[in-house]
Amino acid sequence: MTAVRELAFDDLFKFNRIIFDPLTEVYSISFFVSRLIEFPMLAKVAVAPNEQLMGFAMGTRIINEDVVGDGNDSRVMGSHGHVSVVSIDSDFRRLGLGTLLMDGLKAKMEVDGDWYVDLFVRCKNQNAIKFYELLGYVKYCFLSKYYVDDYGYEMRLPLSQDVEGVCLKRKVNVIEGFYSAGQEMLQLVRVVMDRLKNAIMNML
5 MTAVRELAFD DLFKFNRIIF DPLTEVYSIS FFVSRLIEFP MLAKVAVAPN
55 EQLMGFAMGT RIINEDVVGD GNDSRVMGSH GHVSVVSIDS DFRRLGLGTL
105 LMDGLKAKME VDGDWYVDLF VRCKNQNAIK FYELLGYVKY CFLSKYYVDD
155 YGYEMRLPLS QDVEGVCLKR KVNVIEGFYS AGQEMLQLVR VVMDRLKNAI
205 MNML
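Under this note's numbering, the first residue of the sequence shown is numbered 5, with each subsequent residue one higher.
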């Protein structure tokens with residue numbers, strides 16, 4: 005039976021197989037250590053009965069120290085959660101582990117009174133985008149050249165504190181809007197061309 009527990013320091017020497025997956029952003033060991041020290045309750049790992057790591061997720065809390073409020077003013081968002089990384093071993097995907105870990109982070113952020121959770125994702129990682137959308141995340145803004153070799157999206161999920169969905173409201177730059185739409189169209193064309201290419205190859 006799968007067990008979910010807090011990530012321990014010795015786990016950092018066991019998850020190379022997971023973090024070197026092509027779809028997982030690779031961070032330095034110092035990144036993981038600093039997150040684990042500062043936010044131990046937002047570092048979760050799924051473990052198989054034989055103690056093999058099946059997947060993990062790490063989050064942070066971003067607190068706006070310039071904001072002072074009692075939580076009742078919808079215009080004041082004092083803090084929000086951020087999903088730094090979530091990754092599942094390729095042998096254990098499509099078992100609901102990603103949802104389990106993401107829900108665990110969300111629950112802790114709800115308890116802490118955060119307004120929303122955000123994350124960043126590559127435009128080309130369509131499977132991840134669809135997964136996040138199934139969890140309720142919404143594309144908040146397009147990030148031009150966020151990654152060295154790709155564009156990105158910031159996606160947000162309002163928490164119960166944000167009843168009016170204020171975190172999803174923003175002034176959209178017209179140029180950015182056209183640029184984002186153009187990139188999505190280009191991505192769609194690439195997908196169609198790839199499928200067409202595969203269909204032709206299968207016919208030969």
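A virtual CB, placed ideally from N, CA and C, is assigned to each residue, including glycine.
Because the structure is a prediction, the values reported are computed rather than measured.
Asked, Found
"Beta-bridge partners of Leu-123, as assigned by DSSP", "Met-159"
"Ser-51, enclosing beta strand (DSSP E) - first and last residue", "Reading off the sequence, residue 51 comes out as Val, not Ser. Per DSSP, Val-51 belongs to the beta strand (DSSP E) from 47-51."
"Beta bridge counterpart(s) of Ser-83 as assigned by DSSP", "Ile-67"
"Phe-43 in three-state terms, based on DSSP", "coil"
"Pick from Glu-10, Ala-50, Val-142 that is closest to Thr-103, judged by C-alpha positions", "Ala-50"
"Rounded straight-line distance, which links the Cα of Leu-109 to that of Phe-43", "11 Å"
"Unbroken beta strand (DSSP E) run spanning Glu-10, endpoints", "7-10"
"Span separating the alpha-carbon of Lys-48 from that of Met-207", "46 Å"
"Buried or exposed by the 16-neighbour rule on C-beta atoms within 10 Å, applied to Asp-14", "exposed"
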